[in-house]
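Asker:
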Amino acid sequence: MRRVVLIVVVCAVVVAFVWWMAGWRGTVAAQVGATSVSAAIPAVALALMLGFVVLYFIIRGIAAILRFPRRWRRRRSERRRRDGERALTRTWVALAARDPAEARREVARARRCLGDSPQALVLAAEAARLAGDQQELETAYRALAANRETAFLGLRGLMREAIAREDWQQAEHLAREAENVRPGTPWLRTERAQIAVRTGHWRDALALTDADAPKAALATAAAEAEPGRSLALRLGKQAWYEDRSSTPAALAYARRLREVHKEGKAQDVIRRTWAAAPNPELAEFALATAEDSLERVRQAERLAQENPDHPESELLLARVLLEDGQLDEARRHAEAAEELGLNQHRLWMLIADIEEAAGHTEAHRTALRRAANADPDPVWRCSACTTVQPRWHAACPVCGAVGSIAWGAPIQREAIAQSTLTVERPAVIGEV
Ligand SMILES: [Zn+2]
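Take 68 as the starting number for the sequence shown in my numbering and just add one per residue.
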């Protein structure tokens, strides 16, 4: 409404001005050479006004023509940007719908429109992962890694791919690069700790894991692997102080003490761990320096004193007394182990050996029959995947769990089957 009023007012002013101008008297004359032209003042004024209007529109037209290429490019670029963003959205939808063909088509369109933007490259990697195209996946991550601003994203993706295919050397190399790009990232620290475990770099793993990690297992492995005596001794000590009931930790520390000729301290470590959790490997270490069977009996008695009511102590005494030929004493300790609740295969086999040495044929046969139906002997087994291992490891060779291998009775077949049914694989976490 205001616009209409304004136009009416302007028209009225122009008509009034023309009406007023029409009343002017006089002429305007111009002479160029022999040609002279004259016209009334109102006509000249009107012609000038029209001339200005025409000139104005000519200048506007020329300016519009000159601006046209730039405006055309800008509109085209804007249209491509909108098309690219729509293609990115459609890629997200296709990824959510797990449609790899559609996702790859749309992300290719997005890359044509937007170029290799970080979002387009990340989605290209996800589309390639969905399609199972490893080469394209790594190409996308390498393109991200080449850009200074998105390098961490690219290295992270490449590292996770290396971990997935268990290429631990490559994963370690990429983790180091990622650490340089973005130092101190908590996620990267966790991944580096995992890689260090897999590559057997136990000291790195020990340094990178948090307080809740099984430090005793990591320090034990680090002490076993460390070639330098002094550092190995320190690591062994750390392992044992982390868990004094751990046989591997005690052995790691005691072995290093024995290497530096601190036998008394080594035996003390073994005895204190025997008091907490007896294990035949501790006894084997403690008795290794004994020169004859009598000395072995004396060493075993000293060890057994630390935990006199444990069947493992009675079993140890029975074994060394048998080796020394003290059959009655050996039998007495074997029976004491049984009275303490032990009914394992190894106990009955030991009793069978005692009776065989004593020439008691019937008792020997009875012990063998009992051995056939006895409880299984304790083993090193993984509490995470239940597999039995011939020796202790810091990380389970089967499932990779750290600090999961413990000494104990093997899990029965039925329990393993049940466990296999109930354990679920961890969900795959997407990169985006
Ligand atoms: Zn395991």
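Note that CB positions come from ideal geometry on N, CA and C, so glycine has one too.
(1) Can you give, in chain order, each stretch of the beta strand (DSSP E) that sits fully within the region 89-120 and has at least 3 residues?
(2) What are the residues that DSSP puts in a beta bridge with Ala462?
(3) To the nearest angstrom, report how far apart Met88 and Phe124 are at their CA atoms.
(4) With hydrogens ignored, establish whether the beta-carbon of Ala449 is closer than 6 Å to any heavy atom of ligand 1.
(5) Taking 6 Å as the line, does the beta carbon of Cys180 fall inside it for any heavy atom of ligand 1?
(6) Hey, would you say Thr287 sits closer than 7 Å to Ala319, going by beta carbons?
(7) From Cys452 to Lys329, what distance separates their C-alpha atoms?
(8) Does the beta-carbon distance from Arg283 to Ala317 come in below 7 Å?
(9) If you drop the 5 nearest sequence neighbours on each side, which residues of the same chain put their C-beta closer than 8 Å to that of Gly295?
(10) With DSSP collapsed to three states, give me the class of Arg448.
(11) Since I believe Glu205 is in contact with Glu228 (beta carbons under 8 Å), could you give me their beta-carbon distance rounded to a whole number of angstroms?
(12) When we look at the beta-carbon of Ile132 and count the other beta-carbons within 10 Å, is it buried (16 or more) or exposed?
(13) Would Asp444 pass as a contact of Arg398 if the rule is Cβ separation under 7 Å?
(14) Could you tell me if Leu73 is buried or exposed, where buried requires 16 or more neighbouring beta carbons within 10 angstroms of its beta carbon?
(15) Closer than 6 Å to a non-hydrogen atom of ligand 1 - does that hold for the CB of Val465?
(16) In terms of residues, what are the limits of the alpha helix (DSSP H) holding Thr340?
(17) Is Ala278 near ligand 1, going by C-beta to nearest heavy atom under 6 Å?
(18) Helix, strand or coil for Val75, going by three-state DSSP, please let me know.
(19) How long is the line joining the alpha carbons of Ala292 and Leu275, rounded to whole angstroms?
(20) Keeping to the same chain, check which residues put their C-beta closer than 6 Å to that of Arg265; ignore five residues upstream and five downstream.
(21) With a Cβ-Cβ cutoff of 7 Å, do Trp269 and Ala289 count as a contact?
(22) Should Ala163 and Ala170 be called a contact, given that it needs their Cβ atoms to be closer than 7 Å?
(23) Within 6 Å: the Cβ of Ala462 and any heavy atom of ligand 1?
(24) Can you grab the Cα-Cα spacing for the pair Ala154 / Leu188, in whole Å?
(25) Can the beta-carbon of Ala218 be found closer than 7 Å to that of Ile230?
(26) If we require 4 or more residues per run, which alpha helix (DSSP H) segments fall completely within the region 233-312?
(27) Nearer than 6 Å: is that true of the beta carbon of Ala468 relative to any heavy atom of ligand 1?
(28) Quick one: is Ser313 buried, meaning 16 or more other Cβ sit within 10 Å of its Cβ, or exposed?
(29) Look up Val80 in the DSSP assignment and say whether it is helix, strand or coil.
(30) Leaving out five residues on either side along the sequence, give the residues of the same chain with a beta carbon under 7 Å from the beta carbon of Leu273.
(31) What ranges does the alpha helix (DSSP H) occupy inside the region 335-413, keeping only unbroken runs of at least 4 residues that lie completely in it?
(32) Tell me which residues share the same chain as Met416 and place their Cβ nearer than 7 Å to its Cβ, disregarding the 5 neighbours each side in the sequence.
(33) Quick one: what's Glu456 bridged to in DSSP?
(34) When you compare only the Cα positions, how much space is there between Ala260 and Arg458?
(35) Using C-beta distances below 8 Å, list every residue in its chain close to Glu498, excluding the 5 sequence neighbours before and after it, in chain order.
(36) Whole angstroms are fine: how far does the CA of Asn440 sit from the CA of Gly470?
Answerer: The short version:
(1) 94-99, 102-107
(2) Val469
(3) 24 Å
(4) Here residue 449 turns out to be Cys, not Ala, going by the sequence shown. Yes, ligand 1 has a heavy atom inside 6 Å of this Cβ.
(5) no
(6) yes
(7) 38 Å
(8) It is Ala, not Arg, that sits at residue 283 in the sequence shown. No, the Cβ-Cβ distance between Ala283 and Ala317 is not below 7 Å.
(9) none
(10) strand
(11) 7 Å
(12) exposed
(13) no
(14) exposed
(15) yes
(16) 330-343
(17) no
(18) helix
(19) 17 Å
(20) Trp235
(21) yes
(22) no
(23) no
(24) 13 Å
(25) no
(26) 235-248, 253-266, 269-275, 282-292, 296-309
(27) yes
(28) buried
(29) helix
(30) Lys282, Leu285, Ala286, Ala289
(31) 347-353, 360-371, 378-390, 394-406
(32) Ala438
(33) The displayed chain sequence assigns Gln, not Glu, to residue 456. DSSP lists Trp447 as partners of Gln456.
(34) 23 Å
(35) Bear in mind that the predicted position of Glu498 carries a pLDDT of just 39, short of 50, making it unreliable; the figure below should be weighed with that in mind. Hits under 8 Å: Val189, Ala192, Glu193, Arg196, Arg223, Gly224, Arg227.
(36) 32 Å
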